[in-house]
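Shown next, in structure tokens, is the structure this report addresses.
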Amino acid sequence: MAANDNGIFRGREKGIRPSQNSDREPALPKTRQEIQGGPNGGRRGLIRVKSAGESGRSGLHPIQFLAITWRSTSWLSRAVNILWPFVPAAIAVHYVTSIDNHVLKFSLAYIAMVPCANLIGFAGQELARKMPHMLGVLTETTIGSVVEIILFMILLSQSQFYVIQAAILGSILANMLLCLGLCFFTAGLRRDVATFHAAVSEVGSNLLLIAGLGLAIPTVFQRSITASGFDLTTEDLDARVLNISRIIAVLMLIAYGVFLIFQMHTHNGLYDAAFEHDEERDADKHKDRAKAKLTLTECIIALALSVALVTFIAIALVGEIPAIVEERGISDPFMGLVLVPLVEKAAEHLTAIDEAWDNQINFALSHCIGATIQTAMLNAPLVVIVGWGLRFPMDLNFEIFDIVMLILAIITVGNFLRDQKSDYLEGFLCVVVYIAIAVAAFYFPNPHQAVGHEATGEEGAAQEAAEHVARYLLS
């Protein structure tokens, strides 16, 4: 799965265009019966250590542990490990010294978060090797979301609800447009067309659309009531939106649970087929299989260490956000929609890009789409439920700009996934759209700069845009 140690650009030097020799690639099964009746015979146990994930060792071996961790999965991840000196620097500046430079504190914490998140991603990937395909992908994606969950909970404890809301949608947009776009672009550099399985693309895009609509309901409800002139006080309207958000959060968690049953039990053969196909066409599978791997104990130690570091650094990072927003002119929308998601999703993005380069496009899509679904249907509802338990008014009433961009992005990505093929042009266009949204977020004013809650001309225009989106979806 990982790129070879001599650099991911070796394939370009060889001038290989695998798509032009697609007849040599193994055929991809399309049904559960094909994979269950294949040469491997029958279903596989849910808990089983695969040979690709066996390290040949047990326990903890410090020297090998450090060497394997430093080598990581690719030269991209190894380059990120150069940033480890920022970790003690960020902790020292925040917890030990009394420096009053908020920009320095925020910058150090922001950079230090990247290698810690990368270690979480690497440890999760090593742990996933020891499991069957679907369970491994789910475990790796869930572990990769630990950084996001920690950041959300710390932001919640400090009542930064607006930043959380922007970060929820920003995380989804970063995965759908930036990460997926980079995967398409990277895969397109080595082959004319990258093909992926319908079980990964169609189910994922459908779930994204449903999740986007679910997240949009409280926002549309609030804007509709405000624009229609109903005789409701602000407190009454906010209470209704909060109750709707909590109910939708519970429904989204139930829907995510049903999706897990579909993915892990009733239709797991389809996903196993796609992932086995990816392993067969992995560009460096032999070198990857021969590389030294972490033991189970070392995986757990790496996860515990990285989660602890991420928690300390996240506290430092979140603590500096208000000062950065107030003193440096960085808006809350840009902070939540762009800056926070980029650092929390760094590890997942590196892993997915590496897999796309190695022609494991189904694995790459699973990381992009799987992480997006987890954010929309697990992490976002979870922060609402936790806020409910702590009596925080955390709801899903987003800015109309954010929610319209989300729905349009889901439609755009769904169209790209529909033909089960991708090329570098589609990837480049996804990245361009993400940059355009980031630019708009940079110029978006802070909530306290709003004149009032009544529907202005601009809000009316935004609401009209939302209505056009709704008509498109229903057509």
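According to the working numbering, the stretch in the sequence shown is residues 2 to 476, in order. Each residue gets a CB set at the ideal place from its N, CA and C atoms; glycine is no exception.
Test item: CB-CB of residue i and residue j under 8 Å
{"i": "VAL104", "j": "MET336", "result": "no"}
{"i": "ALA110", "j": "LEU343", "result": "no"}
{"i": "LEU304", "j": "ALA124", "result": "yes"}
{"i": "VAL281", "j": "PRO334", "result": "With the sequence shown as reference, residue 281 is identified as Glu, and Val is not the correct amino acid for it. For GLU281 and PRO334, no; Cβs fall outside 8 Å."}
{"i": "SER172", "j": "GLU345", "result": "yes"}
{"i": "ASN176", "j": "CYS369", "result": "yes"}
{"i": "LEU397", "j": "VAL385", "result": "yes"}
{"i": "ILE354", "j": "LEU77", "result": "yes"}
{"i": "ALA357", "j": "ALA365", "result": "yes"}
{"i": "PRO382", "j": "LEU254", "result": "yes"}
{"i": "SER246", "j": "LEU418", "result": "no"}
{"i": "PHE506", "j": "GLN421", "result": "Any answer about residue 506 is impossible in this case: the structure gives the chain only from 2 up to 476."}
{"i": "PHE185", "j": "GLU349", "result": "no"}
{"i": "VAL341", "j": "ALA168", "result": "yes"}
{"i": "THR312", "j": "ILE151", "result": "yes"}
{"i": "ILE248", "j": "GLY215", "result": "no"}
Alpha carbon of residue i to alpha carbon of residue j, nearest angstrom
{"i": "LEU430", "j": "SER367", "result": "20 Å"}
{"i": "GLN166", "j": "TYR444", "result": "18 Å"}
{"i": "ILE412", "j": "MET406", "result": "10 Å"}
{"i": "TRP389", "j": "SER160", "result": "13 Å"}
{"i": "PHE1", "j": "ARG224", "result": "Nothing in the structure corresponds to residue 1, since the chain is present only between 2 and 476."}
{"i": "GLY320", "j": "GLY60", "result": "38 Å"}
{"i": "ILE211", "j": "LEU252", "result": "12 Å"}
{"i": "THR143", "j": "ILE404", "result": "24 Å"}
{"i": "THR373", "j": "ALA442", "result": "20 Å"}
{"i": "LYS294", "j": "ILE69", "result": "7 Å"}
{"i": "GLY145", "j": "PRO323", "result": "26 Å"}
{"i": "PHE222", "j": "GLY371", "result": "28 Å"}
{"i": "ILE438", "j": "THR296", "result": "42 Å"}
{"i": "GLY258", "j": "VAL339", "result": "29 Å"}
{"i": "CYS300", "j": "VAL148", "result": "17 Å"}
{"i": "THR352", "j": "ALA80", "result": "13 Å"}
{"i": "ILE436", "j": "LEU174", "result": "11 Å"}
{"i": "PRO86", "j": "TRP71", "result": "13 Å"}
{"i": "ARG329", "j": "ASN447", "result": "13 Å"}
{"i": "ASN41", "j": "MET132", "result": "A caution first: ASN41 carries a pLDDT of 43, below 50, which makes its placement in the model unreliable, though a value can still be read off. Between ASN41 and MET132, the C-alpha separation is close to 16 Å."}
{"i": "TYR96", "j": "ILE226", "result": "46 Å"}
{"i": "GLY189", "j": "LEU233", "result": "54 Å"}
{"i": "ALA410", "j": "ILE83", "result": "34 Å"}
{"i": "LEU67", "j": "ALA347", "result": "21 Å"}
{"i": "ARG241", "j": "VAL440", "result": "33 Å"}
{"i": "THR220", "j": "PHE402", "result": "11 Å"}
Any chain C beta carbon closer than 8 Å to residue i
{"i": "ALA410", "result": "The chain inventory of the structure shown lacks chain C, comprising one protein chain alone."}
Continuous alpha helix (DSSP H) stretch holding residue i: start and end
{"i": "GLY337", "result": "That residue, GLY337, is in no alpha helix (DSSP H); it is neither H nor E in DSSP."}
{"i": "ASP237", "result": "235-262"}
{"i": "ARG224", "result": "199-229"}
{"i": "GLY330", "result": "Premise fails: GLY330 is in no alpha helix (DSSP H) and is neither H nor E."}
{"i": "GLY60", "result": "Unbroken run through GLY60: none, as it is neither H nor E."}
{"i": "VAL434", "result": "425-444"}
{"i": "GLN375", "result": "362-375"}
{"i": "HIS95", "result": "87-96"}
{"i": "SER158", "result": "147-158"}
{"i": "ASP420", "result": "First-last for ASP420: undefined, no H or E at that position."}
{"i": "SER78", "result": "76-81"}
{"i": "THR352", "result": "347-358"}
{"i": "LEU383", "result": "381-390"}
Cutoff 6 Å; reference residue i; Cβ partners in own chain excluding five residues on either side
{"i": "VAL434", "result": "LEU178"}
{"i": "SER23", "result": "Residue confidence for SER23 is low, a pLDDT of 42 falling below 50, so the modelled location carries little weight and cannot support an answer."}
{"i": "GLY137", "result": "ALA129"}
{"i": "GLY205", "result": "ILE370"}
{"i": "LEU183", "result": "ILE354"}
Own chain partners of residue i with C-beta closer than 8 Å, once the 5 adjacent residues on each side are dropped
{"i": "VAL88", "result": "ALA113, PRO116, CYS117, LEU310 and ILE314"}
{"i": "ILE100", "result": "VAL94 and LYS106"}
{"i": "PRO394", "result": "PHE162, ASP239, LEU243 and GLY388"}
{"i": "ARG58", "result": "GLN65 and THR296"}
Same chain, Cβ closer than 7 Å to residue i, five either side skipped, listed in chain order
{"i": "ALA91", "result": "LEU109, ALA110, ALA113, ILE314 and ALA317"}
{"i": "SER307", "result": "CYS117, LEU120, ILE121 and ALA124"}
{"i": "LEU1", "result": "Given a span of 2 to 476 for the chain in the structure shown, any question on residue 1 remains unanswerable."}
{"i": "LEU181", "result": "CYS369, VAL414 and CYS431"}
{"i": "ALA217", "result": "ILE404 and ILE408"}
{"i": "THR140", "result": "GLY125, LEU128, ALA129 and MET132"}
Subject >> Ranges of the beta strand (DSSP E) found wholly within the segment 102-140, counting only runs of at least 3 >> reply: none
Subject >> Residue ranges of each beta strand (DSSP E) within the segment 162-198, 3 or longer >> reply: Runs of the beta strand (DSSP E) inside the segment 162-198: none found.
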